[in-house]
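Student: All residue numbers for the sequence shown refer to this note's numbering, where the first residue is 974 and numbers rise by one.
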Amino acid sequence: MKAYAFLVAAIVAEVIATTALARAEGFTRLWPSVLTVAGYIVAFWCLSFPLRVMPTGVVYAIWSGLGIVLIALVAFFWAKQALDGAAIAGLGLILAGVLVINLFSRSVGH
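#1: Anyone know if the C-beta pair for G1038 and G1070 falls short of 8 Å?
#2: Can the beta-carbon of P1028 be found closer than 8 Å to that of S1080?
#3: Express the C-alpha separation of S1021 and V1007 in angstroms, rounding to a whole number.
#4: Measuring only the C-alpha atoms, how far is V981 from L1072?
#5: Would you identify the three-state DSSP class for V1081, choosing helix, strand or coil?
#6: Using a Cβ-Cβ cut-off of 7 Å (strictly less than) and excluding sequence neighbours within five positions of R996, which residues of its own chain qualify?
#7: Among the residues of its own chain, which have a CB less than 6 Å from the CB of V1047, if the five just before and after it don't count?
#8: Report yes if the C-beta distance between G1040 and I984 is below 8 Å; otherwise report no.
#9: Return the chain-ordered list of same chain residues with a C-beta closer than 6 Å to the C-beta of F979, the five sequence neighbours on each side being excluded.
#10: Would A976 and V1010 be called neighbours here (beta carbons separated by less than 8 Å)?
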């Protein structure tokens, strides 16, 4: 369970860092740039813990899949970026893939 807590923290830090990266304007704005670098450092540090007990491919699939979905939701609600039907369907498939891995895969090591 501790591995999942660190994985969730890594995902949240990555979403914050990526959101800040969009505001850093090529690292020309100080505080969004600092938040971006700090967020990615925290994300990779937190990601190192689940990698000790879970397969790399599974950890990366969960981390990147949920990160993609959350970034799209942040962009939709906060930055008012539109999502069409194909984008929503694709995000749903990514989320379904993460659920299948977590609920049915023996690789996760529940």
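All residues carry an ideal CB built from backbone N, CA and C; glycine is no exception.
Tutor: Considering the structure as presented:
#1: Locating residue 1038 in the sequence shown gives position 65, counting from the first residue. Locating residue 1070 in the sequence shown gives position 97, counting from the first residue. Yes. Within cutoff.
#2: The residue given as residue 1028 occupies position 55 in the sequence shown. The residue given as residue 1080 occupies position 107 in the sequence shown. Closer than 8 Å, so yes.
#3: Translated into positions along the sequence shown, residue 1007 becomes position 34. Translated into positions along the sequence shown, residue 1021 becomes position 48. Rounded to the nearest angstrom, the two C-alpha atoms are 21 Å apart.
#4: Walking along the sequence shown from the start, residue 981 turns up at place 8. Walking along the sequence shown from the start, residue 1072 turns up at place 99. Cα to Cα, the separation comes out at about 14 Å.
#5: Taking the first residue of the sequence shown as 1, we reach residue 1081 at position 108. Coil at V1081, not helix or strand.
#6: In the sequence shown, counting from the first residue as 1, residue 996 sits at position 23. If we look at R996 and ignore the five residues flanking it on each side, its Cβ neighbours are R1002 and P1005.
#7: By one-based count along the sequence shown, residue 1047 stands at place 74. Excluding positions up to five away in sequence, the list reads T992.
#8: The residue you call residue 1040 lines up with position 67 of the sequence shown. The residue you call residue 984 lines up with position 11 of the sequence shown. Closer than 8 Å, so yes.
#9: Numbered from its first residue, the sequence shown carries residue 979 at position 6. C1019, F1022 and P1023.
#10: Within the sequence shown, numbered from 1, the residue matching residue 976 stands at position 3. Within the sequence shown, numbered from 1, the residue matching residue 1010 stands at position 37. Not in contact: A976 and V1010 (Cβ atoms no closer than 8 Å).
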